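*Asks:* If you read the sequences in order, they're chains P and F. Using the working numbering, read the first sequence as starting at 1 and increasing by one per residue. Using the working numbering, read the second sequence as starting at 1001 and increasing by one per residue. Shown below is the structure under consideration.
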Amino acid sequence: MNGTDKLVRRVVTAGVLAAIAILLGATRLGFIPVPTPAGNATIMHVPAILGGIMEGPAVGGIIGLVFGIFSFFQATIPMFKDPFVAILPRIFIGITAWLTYIALRRLNEFLALAVSAAVGTLTNTVLVLGAAVWRGYMTPGVAFTVGITHGLPEIAVAVIIVVAVVSTWKGLARRRHARL
Amino acid sequence: MQDFALLRHITIGQYLPGDSLVHRMDPRAKITVVLLLSLALTVNTSYLANILLLGICLALIRAAGISLRYVLNGVRPALPFIIALSLMQLAFYGNPSVTSTLPVVTFLRWGPIFITSSGLQLVLVSLARFVDLMILASILTNTTPLAYLAYGLEDMLRPFGRLGVPAHEISLIFILALRFVPLLAEQLETLAKAQASRGADIGAGGRWRFWRTARAMLVLIVPLFLDAFRRAEELIVAMEARCYAGGRGRTRLVQLQMQPADVIIIFITALLSAGFIWFRRSFPF
C-alpha cells in the first residue's frame, strides 16, 4: 500500500464515518433515552472512536471535529451552542481511543477494542462536562451526577458497538481476502 | 421511530435560495464574519454588549431575508428542556464565575436554592447568546450551498498547508460526509423496515428499560456501520481507478471571487468584534 492509497483510504473512511455521526444526530437514533433529568445517553461519538482505531489519530480527530461542528449547529440547548463545549472536546475522542488501542493491541485485540471504546467515551464525557463547568453552564456537582448517570451506560453501549463492528469487519475482510 | 420515511428527509442546514446581500457574499467572507461575531459573543457577559450583539445578529438575518421564526423553529421541541435547564441554573447557580460590573444582589436564599442577580444574568445572557448563535449558524447554512461552504473552507485553510494542514482533504471529507448522509439514511430505513417486518420493536424500550432500547438499537447500528465500511471500500476502489492523487495541482470548476463589498463587510465586522472583545469589561451594565 503506497502513500496515495493510504490518503484515499483515510479521506473516504473519515467522510463515511462522519456521515454516520451526522446521521445518528439528525435522526435522534444516536440518543438512547435514560431515566435521568437530562434525558439521553449518546452514541454519536462512536464513529470518532472507530475512525481513530481503524485509521489513526488524524482520521479520529477529524470525525470528532465534524461531529462537534454538527452538534454545534444542531444544538437546541444553550450549552451546546458554545464552541468550547460542543466542538473542541470532541476532537480528542478519536485521539485518546487510538492511543489506547495501539498501547493495548499487542496484549489482546478484543481487550484493546473494548478499553479504547471506554476511553474514547470517557474523553467525550469528561471533557464536555469539564468545559461546561469551566464555561459556567453547570455546577461541578451537577456535572458529576450527569457524568455518572450518562457516562456508564454510554461506555457500555460504545464498547458493545465498537467490538461488534471492528471484529465483524476485520473477520469479513479476512474471509473476503481468502475467497479472492 | 414511528415514521420510517422521516429518516430520509433530513435537512441539515437546508439552503434557501435567495438574492440578498448575504446570499451573494463570498463564502469565505461569511465564514470570517460568523467566526468573528461568535468570538465576540463568547467572551462578552454584560447585558449591554449582548443586547448590541443581538441587534447586529437580528440585522444580519433581516438582510438575509430569512424569517426569525424559521431560524428558531428547530428549537421548539427542545423548549421544555431549555426552560427546565434555565430554571435549574437560576435556582442553584447563585455564585457563578460571571464577571459582572453590577453589584451582586441576592434575591432568595432558602436551603439549596440560591438566586442572585448574577445567576439571573448568566441565564439571560446564555439565552441571548443561544439565539445569536442560532442566527449565525443559519446565516452560514441557509444562505450558502454546502459545496460553496466547503470550497470556502478549503481556500481559507490553504495558507496553513505549509504547516501540514491538508486543506483539500479536510474539505473533501466534509463534502463526502454530506453526500453520504442521504445514502446511509436510506440504508438505515431499509434496515429498520427489515427488522420491523421480523417483529423487532425498535425504540420501544422506553426510558426505564435502557438495556432493551440499547439492544434494539444495536441491530440497526452495527449493520449500518458495516454497510458504511463496504460503501467506503467501493469508493476507495473507484477513486483509485480514476487515479485520484490528492489536491496537489488540482483545479476547480468554481473559483471564488472576493468582491469589494465582502472586504468592507469583513473589515467592519473585524472592527466591531475587536471593540466588543477589547472593551468587554467596560460595559456599564
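A virtual CB, placed ideally from N, CA and C, is assigned to each residue, including glycine. What you are looking at is a predicted structure, and each value in this text was computed from that prediction instead of being measured.
Excluding the five sequence neighbours on either side, which residues of its own chain have a C-beta within less than 6 Å of the C-beta of residue 100 of chain P, listed in chain order?
*Replies:* Counting only Cβ-Cβ distances below 6 Å, and skipping sequence neighbours, we find 115, 116 and 119.
*Asks:* Please state if the CB of residue 145 of chain P and the CB of residue 123 of chain P are separated by a distance shorter than 8 Å.
*Replies:* Going by C-beta atoms, residue 123 of chain P is not nearer than 8 Å to residue 145 of chain P.
*Asks:* Starting from residue 9 of chain P, find everything on chain F with Cβ-Cβ shorter than 7 Å and list it in chain order.
*Replies:* Within 7 Å Cβ-Cβ: 1236.
*Asks:* Anything in the region 1218 to 1250 of chain F with a Cβ closer than 8 Å to a Cβ of chain P? List those residues in chain order, please.
*Replies:* So the close ones are 1218, 1220, 1221, 1222, 1224, 1225, 1226, 1228, 1229, 1231, 1232, 1235, 1236, 1239, 1240, 1244, 1245 and 1246.
*Asks:* Where in the region 1061 to 1148 of chain F do unbroken runs of the alpha helix (DSSP H), each at least 4 residues long, occur, reported from the N-terminal end onward?
*Replies:* Listed in chain order, they are 1068 to 1073, 1079 to 1092 and 1117 to 1143.
*Asks:* Starting from residue 45 of chain P, trace the alpha helix (DSSP H) both ways and give me its first and last residue.
*Replies:* First-last for residue 45 of chain P: undefined, no H or E at that position.
*Asks:* Nearest-angstrom Cα distance between residue 1251 of chain F and residue 1232 of chain F?
*Replies:* C-alpha separation (whole angstroms): 24 Å.
*Asks:* Could you check the C-alpha separation between residue 1044 of chain F and residue 1141 of chain F for me, to the nearest Å?
*Replies:* In a straight line, the C-alpha of residue 1044 of chain F is about 25 Å away from that of residue 1141 of chain F.
*Asks:* Using CA coordinates, which residue listed in P:143, P:134, P:125 and P:129 is at the minimum distance from residue 46 of chain P?
*Replies:* The option with the nearest alpha carbon to residue 46 of chain P is P:125.
*Asks:* Give the straight-line distance between the Cα atoms of residue 1107 of chain F and residue 44 of chain P, rounded to the nearest whole angstrom.
*Replies:* Distance between the alpha carbons of residue 1107 of chain F and residue 44 of chain P is about 40 Å.
*Asks:* Nearest chain P C-beta to residue 1190 of chain F closer than 8 Å, yes or no?
*Replies:* Not an interface residue.
*Asks:* Once the 5 residues before and after residue 1071 of chain F are set aside, which same chain residues still bring their CB inside 7 Å of it?
*Replies:* Result list for residue 1071 of chain F: 1061, 1134, 1135 and 1138, in chain order.
*Asks:* Using beta carbons (cut-off 8 Å, strictly below), is residue 1009 of chain F in contact with chain P?
*Replies:* Any reading at residue 1009 of chain F must be qualified, since the residue scores a pLDDT of 49, below 50, and its modelled position is unreliable; the value itself is stated next. Cβ-Cβ to chain P under 8 Å: no for residue 1009 of chain F.
*Asks:* Is residue 87 of chain P near residue 56 of chain P, with beta carbons less than 8 Å apart?
*Replies:* No; because the gap between Cβ atoms is not below 8 Å, this pair is not in contact.
*Asks:* Please list, in chain order, the chain P residues whose beta carbon lies closer than 9 Å to that of residue 1292 of chain F.
*Replies:* Nothing can be reported for residue 1292 of chain F, as the shown portion of chain F is limited to 1001 through 1285.
*Asks:* Under 8 Å, do residue 1227 of chain F and residue 1187 of chain F count as touching if we go by C-beta distance?
*Replies:* Contact flag set, yes.
*Asks:* Nearest chain F C-beta to residue 160 of chain P closer than 8 Å, yes or no?
*Replies:* True, the Cβ-Cβ gap to chain F drops below 8 Å.
*Asks:* If distances are taken between C-alpha atoms only, which option among F:1030, F:1053, F:1114 and F:1234 comes closest to residue 1155 of chain F?
*Replies:* Ranking F:1030, F:1053, F:1114 and F:1234 by Cα distance to residue 1155 of chain F puts F:1030 first.
*Asks:* For residue 1181 of chain F, return the contacting residues in chain P, with the cut-off set at a CB-CB distance below 8 Å.
*Replies:* Chain P residues near residue 1181 of chain F: 19, 22, 23 and 26.
*Asks:* Taking buried to mean at least 16 other C-beta atoms within 10 Å of its own C-beta, is residue 1372 of chain F buried or exposed?
*Replies:* The structure shown does not extend to residue 1372 of chain F, since chain F is modelled only from 1001 through 1285, so no value can be given for it.
*Asks:* Quick check: what's the CA-CA separation for residue 1182 of chain F versus residue 1174 of chain F?
*Replies:* Roughly 14 Å between the two C-alpha positions.
*Asks:* Expressed to the nearest angstrom, what Euclidean distance is found between the alpha-carbon atoms of residue 1241 of chain F and residue 1265 of chain F?
*Replies:* Spanning the two alpha carbons is a distance of roughly 44 Å.
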